[in-house]
Amino acid sequence: MSVEYRGEKFEGYNKPKKTPKHPTKSHVVLAKEGDTIKLIRFGEQGAETAGPPKAGESDRMKKKRASFKARHAKNIKKGKLSAAYWADKVKW
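Under the numbering used here, residues 3 to 94 are what the sequence shown spells out, in order.
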């Protein structure tokens, strides 16, 4: 299922994709929750984020991940229509 929204193609709703040519944001997702549809850009372009947890991860990265999740916990809880939710799911 392919969806086009504002001239941009997506594989479907709630499926994030990278945006290498965007000047500031690294990812975009066409989020859908109920009847509400929203285009969300998130993630700093070129940022060295922790990514998904890895075996043997350094303490520095564990602290970095925990710090992000604590700092943005309120916004992550807002659900699929918030950039923090997608950044937490995709980048952290």
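Ideal placement from N, C-alpha and C gives every residue a C-beta, glycine not left out. Here the structure is a predicted model, which means the values were calculated and not measured.
| Check | Outcome |
| --- | --- |
| Distance, Cα to Cα, G9 vs S28? | 18 Å |
| Compare the beta carbon distance of W94 and T26 with 8 Å and say whether it is the shorter of the two. | no |
| Excluding sequence positions up to five away, which residues of its chain have a Cβ less than 6 Å from the Cβ of I78? | A86, Y87 and D90 |
| Reducing DSSP to helix, strand and coil, say where R8 ends up. | coil |
| What's the C-alpha gap between G14 and K34? | 10 Å |
| Which partner residues of V31 appear in the DSSP bridge assignment? | I42 |
| Would you call the CB atoms of F12 and K20 closer than 8 Å? | no |
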